[in-house]
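Enquirer:
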Amino acid sequence: MTTRRTLIKSAGALVLAASFPLIASAQEVVKVGLILPMTGPFASTGRQIEAAAKLYMAQHGNTVAGKRVELIVKDDTNVADMTKRLAQELIVNDKVNILAGFGLTPLALATAPLATQAKVPMVVMAAGTAMITEQSPFIVRTSFTLPQNTLGIAKWAPNNGIKKAVTLVSDFGPGIDAQNAFKKYFTEGGGEVVQEIRVPVRNPDFAPFLQRVSNLKPDAVFVFVPSGVGSIFMKQFSERGLDKSGIKLIGTGDVTDDDILNDMGAAAKGVITSMNYSAALDNPANKAYVEAFTKANNMRPNFMSVGGYDGMALIYKALEKTKGDVSGPALLEAMKGQSWESPRGPVTIDPDTREIIQNVYITEVKEVNGALYNVPFDKIEAVKDPAKIK
Ligand code: PHB
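Here it is, written out as structure tokens:
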């Protein structure tokens, strides 16, 4: 009897002892809720960012400052109410320490009040409307703003023979930002915007709008369409013969997105855009990035992917700085002012605006080794979001 009881006791002690380290390690997890459009028309944004975040973790290990980083990926299907509901569940049920992702502006805007209420840092890895970061002091952005990316091409154009332009943008936050920024810098440089066109975001048919551009005969048409929509635009552009009309196509690099550029064909050649990233950037960090990303995912990384990759870099750096303190306000403070070498070049999180300061590249679509790339030929260094420079 005694022997049996002793046995049972010691077995119990063993079980207890064995479960302690489990409890201890369970407490040392830092959870990142990554909410992205993984299905629907903007699924490529989700696919690119998820792949990049996972690549960062595979390359840097999943332990930082003694904490195990756990990524919880959710598909919001590009529905803002869904993004908000998922964020709520992640905060309340999963007790995430950080929210991240946000593939489009309306999805980020819907979540901003929750980040403020819960004091959870919200890392915007994609959406680019300038005012997003002003909707919560807990938002930090690792993507770009449209005024930031537009400034490059808007300043380049009037110095390169483009005097009259029509602007054609998707009718929502980032498109309106791009249109206004283009007008400001292009006009300051001596150019004239002869017409401003806005195209519905859902199921866009560009044909009637392209006809208007064709009739107006400007030197150039400046275009913003969200990542993923460039192929449809380019197809309709060449179907209407605009690629051979002498009207130059310029824009932000969203229209010649690296994810789909190579399938656009000859019509895309010669398109000049400005952007915070190109897969063709010639620096060691980018060469390694493109190689590792392509190998792991069998696709070319685009500008959305670096938002995800650098978003994870920022989270890791903040955790190192707080020495593993996962409280929201501590992590947020630790994110401000961080600088590192990204595949896109040197980046810094502006401590005042929580926006990313980065180079903006002017690129031309060219064939390189049989594939189409946005080949950089000029850059503006360390660009802050111009919408926030008073
Ligand atoms: C946005 O919704 O802010 C957005 C989406 C796609 C882009 C750029 C901005 O390519």
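So for the sequence shown, our numbering puts the first residue at 15; every next one is plus one. Beta carbons are placed, not taken as given, at the ideal position from N, Cα and C, and that holds for glycine.
List the DSSP bridge partners of residue 3.
Expert: With the chain covering 15 to 404 only, the question about residue 3 has no answer from this structure.
Enquirer: Going along the chain, which residues of its own chain have a beta-carbon closer than 6 Å to the beta-carbon of residue 281, five neighbours each way excluded?
Expert: Here the set comprises 248, 252, 257.
Enquirer: How big is the Cα-Cα spacing for residue 359 and residue 128?
Expert: Cα-Cα distance, rounded: 32 Å.
Enquirer: Within the region 184–271, note down every full beta strand (DSSP E) run reaching 3 residues or more, in order along the chain.
Expert: You should have 206–213, 234–238, 262–266.
Enquirer: With respect to the alpha helix (DSSP H) encompassing residue 100, which residues constitute its N-terminal and C-terminal limits?
Expert: Residues 94–106.
Enquirer: When every heavy atom of the ligand PHB is checked, does at least one fall within less than 6 Å of the C-beta of residue 118?
Expert: Yes.
Enquirer: Heavy atom of the ligand PHB less than 6 Å from the Cβ of residue 233, yes or no?
Expert: Result no, Cβ not under 6 Å from the ligand PHB.
Enquirer: Mind checking whether the beta-carbon of residue 141 lies closer than 6 Å to any heavy atom of the ligand PHB?
Expert: It does: the Cβ of residue 141 is within 6 Å (strictly closer) of some heavy atom of the ligand PHB.
Enquirer: Comparing alpha-carbon positions, which option in 321, 337, 395, 342 lies nearest residue 78?
Expert: Of the listed residues, the one whose Cα sits closest to residue 78 is 337.
Enquirer: Can you give the beta carbon distance from residue 285 to residue 263, rounded, assuming they're within the 8 Å contact cut?
Expert: 5 Å between Cβ atoms; contact.
Enquirer: If you run the structure through DSSP and keep just helix, strand and coil, what is residue 368?
Expert: Coil, per DSSP.
Enquirer: Less than 7 Å separating the beta-carbons of residue 268 and residue 241?
Expert: Cβ atoms of residue 268 and residue 241: closer than 7 Å.
Enquirer: How about the region 180–199 and the region 133–143: do they share at least three Cβ pairs that are nearer than 8 Å?
Expert: Yes: at least three Cβ pairs fall under 8 Å.
Enquirer: Report the three-state DSSP secondary structure of residue 53 (helix, strand or coil).
Expert: Residue 53: coil per DSSP, three-state reduction.
Enquirer: Taking residue 331 as part of the alpha helix (DSSP H), name the residues at either end of that continuous run.
Expert: Counting along the chain, the alpha helix (DSSP H) containing residue 331 begins and ends at 317–335.
Enquirer: Would the beta-carbon of residue 181 fall within 7 Å of that of residue 162?
Expert: Contact flag unset, no.
Enquirer: Taking one C-beta from the region 47–59 and one from the region 77–97 each time, how about it: are there three or more such pairs within less than 8 Å?
Expert: Flag = yes, the region 47–59 and the region 77–97 touch.
Enquirer: Using a Cβ distance threshold of 8 Å, determine whether the region 121–135 contacts the region 96–111, with at least three qualifying pairs required.
Expert: Enough Cβ pairs lie closer than 8 Å, so yes.
Enquirer: Which residue's Cα is closest to the Cα of residue 229: 197, 208, 303?
Expert: Answer by Cα proximity: 208.
Enquirer: Can we count residue 241 as close to the ligand PHB, meaning its CB is less than 6 Å from some heavy atom?
Expert: For the ligand PHB, at least one heavy atom lies less than 6 Å from the Cβ of residue 241.
Enquirer: Suppose you measure from the CA of residue 57 to the CA of residue 219; what does that come to, to the nearest Å?
Expert: Whole-angstrom Cα-Cα distance: 20 Å.
Enquirer: Cβ of residue 90 versus every heavy atom of the ligand PHB: is any distance shorter than 6 Å?
Expert: Because no heavy atom of the ligand PHB lies under 6 Å away, the Cβ of residue 90 does not count as near it: no.
Enquirer: Does any heavy atom of the ligand PHB sit closer than 6 Å to the C-beta of residue 273?
Expert: False, no ligand heavy atom lies under 6 Å from that Cβ.
Enquirer: Name the DSSP bridge partner or partners of residue 355?
Expert: Residue 355 is bridged to 360.
Enquirer: Tell me which residues share the same chain as residue 275 and place their Cβ nearer than 6 Å to its Cβ, disregarding the 5 neighbours each side in the sequence.
Expert: Cβ within range, chain order: 386.
Enquirer: Of the residues 370, 136, 198, which one's Cα is nearest the Cα of residue 210?
Expert: Residue 210 has its Cα closest to that of 198, out of 370, 136, 198.
Enquirer: Bridge partners for residue 288 per DSSP, in chain order?
Expert: Beta-bridge pairing links residue 288 to 266, 376.
Enquirer: What does DSSP give as the partner residue(s) for residue 138 in the beta ladder?
Expert: Answer is 115, 155, bridged to residue 138.
Enquirer: Ordered along the chain, which non-local residues of its own chain (more than five positions away) have a Cβ less than 6 Å from that of residue 115?
Expert: Contacts found: 48, 49, 50, 139.
Enquirer: What distance in whole Å lies between the Cβ atoms of residue 160 and residue 397, which are believed to be in contact at a cut-off of 8 Å?
Expert: No, residue 397 and residue 160 are not in contact; Cβ-Cβ is about 12 Å, not under 8 Å.
Enquirer: Under three-state DSSP, which class holds residue 86?
Expert: Strand, per DSSP.
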